[in-house]
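For reference, the structure discussed in these notes is given below.
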Amino acid sequence: MNCVDPLPSRQVLLTAAAVLLVMLTVGSFADYPISLALYNPDNTPGRLLAGFGEYPAALRFSAAGAMLLSARSREKRLLRVLQTIAGCWFILSSGAMAAVLPTGYLDIPVWLATLIGAGCAGLTVWGVLILCRGADRKTVLRVAAAFLLVIFADILVVNLIKIPWGRARMRLVASDSRAYFMPWWQPGTELRDALTAAGVPKEEFKSFPSGHSANSSSLMLLSLLPALRPQWKHRQAVLFCVGFGWALAVAVSRIVMGAHYLSDTAVGFAVGVAALVIICRLLFPVSRVTRTPSMKNV
-8 MNCVDPLPSR
2 QVLLTAAAVL
12 LVMLTVGSFA
22 DYPISLALYN
32 PDNTPGRLLA
42 GFGEYPAALR
52 FSAAGAMLLS
62 ARSREKRLLR
72 VLQTIAGCWF
82 ILSSGAMAAV
92 LPTGYLDIPV
102 WLATLIGAGC
112 AGLTVWGVLI
122 LCRGADRKTV
132 LRVAAAFLLV
142 IFADILVVNL
152 IKIPWGRARM
162 RLVASDSRAY
172 FMPWWQPGTE
182 LRDALTAAGV
192 PKEEFKSFPS
202 GHSANSSSLM
212 LLSLLPALRP
222 QWKHRQAVLF
232 CVGFGWALAV
242 AVSRIVMGAH
252 YLSDTAVGFA
262 VGVAALVIIC
272 RLLFPVSRVT
282 RTPSMKNV
């Protein structure tokens, strides 16, 4: 049976692509002056978004785990056991990730970070289990697969680019006279090799593209929820835009913190959007979906 298309309309996707193209174009000409104007590592909102901006990436593990538990096989015992183990593992991993993420950027007690992480993971599991009630099990498993594959694709693609690219972060350029700005299309491997040999951490040469921007764009996976609740189809564009807006805010914060330039955030953001579109289309081929809001998911 057909199910609701998990992707928003083509117009919404094209608008998102146009915004990212504008960001990359502007960054190509004005990366450094923009960063110079916005750079403020003591900015409180910037630090908060640095600490919690990637939360959607951690919490989608909770969501996927809850979906695996909800859609456990009723006929095959071994498969049901494996799904239960995998679901619990993803939920526990999500809580651990959510507890650790803020501590790298904020002076926050470990117990408080753990409490926040466990609370957010628990609320995510509770909400997803409610959404999965009455949904087709195969559709639930496809949505779970999309949640997991998108994050793995984001991490893989971003690191395949940023590790060999070697672009120096703005905060290094601002604090070390030996470092200098380089445009995004020019790899900074020579500068990286010279300064890392002198003791500068390799982490300071992972500016392009932005992993934070890619991971924060995970919130756009909210647009998949109408696949579980077809009556929410009319809200799909809003759900996508909520995720897109969050990722934009995180992208700005990365510039403020001097971790990335505008072009870095545009490309990282684009990786997240592309992963979402490609993986959803592979898991939900056009021949198997419908855009009719009233279609029941059976």
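If you read the sequence shown in our numbering, its first letter stands for residue -8, the second for the next number, and so on.
Think of the CB as a built atom: it goes at the ideal place given N, C-alpha and C, for glycine as much as any other residue.
Taking the alpha carbon of residue i as the reference point, which residue from the options has its own alpha carbon closest?
{"i": "isoleucine 25", "options": "Ser244, Val268, Val141", "result": "Ser244"}
{"i": "leucine 163", "options": "Pro(-3), Arg1, Leu12, Leu27", "result": "Leu27"}
{"i": "leucine 12", "options": "Leu253, Cys79, Arg272", "result": "Leu253"}
{"i": "leucine 122", "options": "Trp237, Leu267, Pro221", "result": "Pro221"}
{"i": "valine 258", "options": "Gly78, Asp22, Leu215", "result": "Asp22"}
{"i": "tyrosine 171", "options": "Val264, Ser198, Val247, Val262", "result": "Ser198"}
{"i": "glycine 18", "options": "Gly190, Trp175, Ser209", "result": "Trp175"}
{"i": "glycine 118", "options": "Gly234, Gly263, Leu216", "result": "Leu216"}
{"i": "tryptophan 80", "options": "Arg68, Lys67, Leu60, Ile99", "result": "Leu60"}
{"i": "glutamate 194", "options": "Asn31, Leu140, Lys153", "result": "Lys153"}
{"i": "alanine 8", "options": "Ile269, Trp237, Val264", "result": "Val264"}
{"i": "phenylalanine 43", "options": "Ser207, Phe235, Val268, Ile269", "result": "Ser207"}
Take residue i and list the residues in its own chain whose beta-carbon comes closer than 6 Å to its own, dropping the five residues that flank it on each side.
{"i": "leucine 5", "result": "none"}
{"i": "threonine 283", "result": "Residue confidence for threonine 283 is low, a pLDDT of 46 falling below 50, so the modelled location carries little weight; the figure read from the coordinates is stated next. Cβ neighbours of threonine 283 beyond the five flanking positions: none."}
{"i": "threonine 94", "result": "Ala104"}
{"i": "serine 214", "result": "Pro(-1), Gln227, Leu230, Phe231"}
Write down the C-beta distance between residue i and residue j rounded to the nearest angstrom, noting that I regard them as a contact closer than 8 Å.
{"i": "arginine 160", "j": "glycine 179", "result": "That belief does not hold up - the Cβ atoms of arginine 160 and glycine 179 are roughly 10 Å apart, past 8 Å."}
{"i": "arginine 128", "j": "alanine 48", "result": "Between alanine 48 and arginine 128 the Cβ distance is about 25 Å, and since that is not below 8 Å, they are no contact."}
{"i": "methionine 58", "j": "valine 149", "result": "In fact, because the Cβ distance is near 25 Å, the residues do not count as touching under 8 Å."}
{"i": "phenylalanine 260", "j": "serine 204", "result": "4 Å"}
{"i": "glutamate 45", "j": "leucine 97", "result": "Incorrect: roughly 13 Å between the Cβ atoms, too far for contact."}
{"i": "alanine 266", "j": "aspartate 145", "result": "6 Å"}
{"i": "alanine 240", "j": "threonine 256", "result": "So it is not a contact: roughly 11 Å between Cβ atoms."}
{"i": "methionine 173", "j": "alanine 41", "result": "Not really, about 23 Å apart at Cβ, beyond 8 Å."}
Mind checking residue i: buried by the 16 CB within 10 Å criterion, or exposed?
{"i": "arginine 1", "result": "exposed"}
{"i": "methionine 14", "result": "buried"}
{"i": "leucine 273", "result": "exposed"}
{"i": "serine 166", "result": "exposed"}
{"i": "aspartate -4", "result": "buried"}
{"i": "histidine 251", "result": "buried"}
{"i": "serine 209", "result": "buried"}
{"i": "arginine 38", "result": "buried"}
{"i": "arginine 293", "result": "Coverage of the chain is limited to positions -8 through 289, which leaves residue 293 absent and any answer about it impossible."}
{"i": "leucine 186", "result": "buried"}
{"i": "glutamine 177", "result": "exposed"}
{"i": "isoleucine 246", "result": "buried"}
{"i": "proline 200", "result": "buried"}
{"i": "isoleucine 82", "result": "buried"}
{"i": "phenylalanine 196", "result": "buried"}
{"i": "glycine 125", "result": "exposed"}
{"i": "isoleucine 270", "result": "buried"}
{"i": "threonine 16", "result": "exposed"}
Cutting at 7 Å between CB atoms, please list the residues of its own chain near residue i, excluding the five before and the five after it.
{"i": "leucine 50", "result": "Ser85, Ala89, Cys111, Ala112, Thr115"}
{"i": "phenylalanine 138", "result": "Arg51, Ala54, Ala55, Leu212"}
{"i": "lysine 287", "result": "Reliability fails at lysine 287, whose pLDDT of 38 lies under 50, so the model's placement of it is uncertain and the value that follows must be treated cautiously. Excluding residues within five positions, the ones whose Cβ falls inside 7 Å are Pro221."}
{"i": "leucine 70", "result": "Ser64"}
{"i": "alanine 228", "result": "Pro(-1), Ser0, Val3"}
{"i": "valine 262", "result": "Asp145, Val148, Val149, Pro200, Ala205"}
{"i": "isoleucine 142", "result": "Ala48, Arg51, Ser209"}
Between which residues of its own chain and residue i is the CB-CB distance below 8 Å, once the five residues before and five after are set aside?
{"i": "cysteine 232", "result": "Val3"}
{"i": "alanine 87", "result": "Gly108"}
**OP:** Mind listing, in chain order, the continuous alpha helix (DSSP H) runs of no fewer than 4 residues lying wholly within the segment 10 to 62?
**Re:** 35 to 43, 46 to 61
Original post:
Which full runs of the alpha helix (DSSP H) of 4+ residues lie inside the segment 209 to 255, going along the chain?
Top reply: 227 to 247
**OP:** Could you name each continuous beta strand (DSSP E) segment of 3 residues or more that falls completely within the segment 166 to 217, going from the start of the chain to the end?
**Re:** Contiguous beta strand (DSSP E) elements confined to the segment 166 to 217 do not occur, taking only those with 3 or more residues.
**OP:** Report the residue ranges of all alpha helix (DSSP H) runs contained in full by the segment 56 to 136; include only those spanning at least 4 residues, in chain order.
**Re:** 68 to 91, 101 to 123
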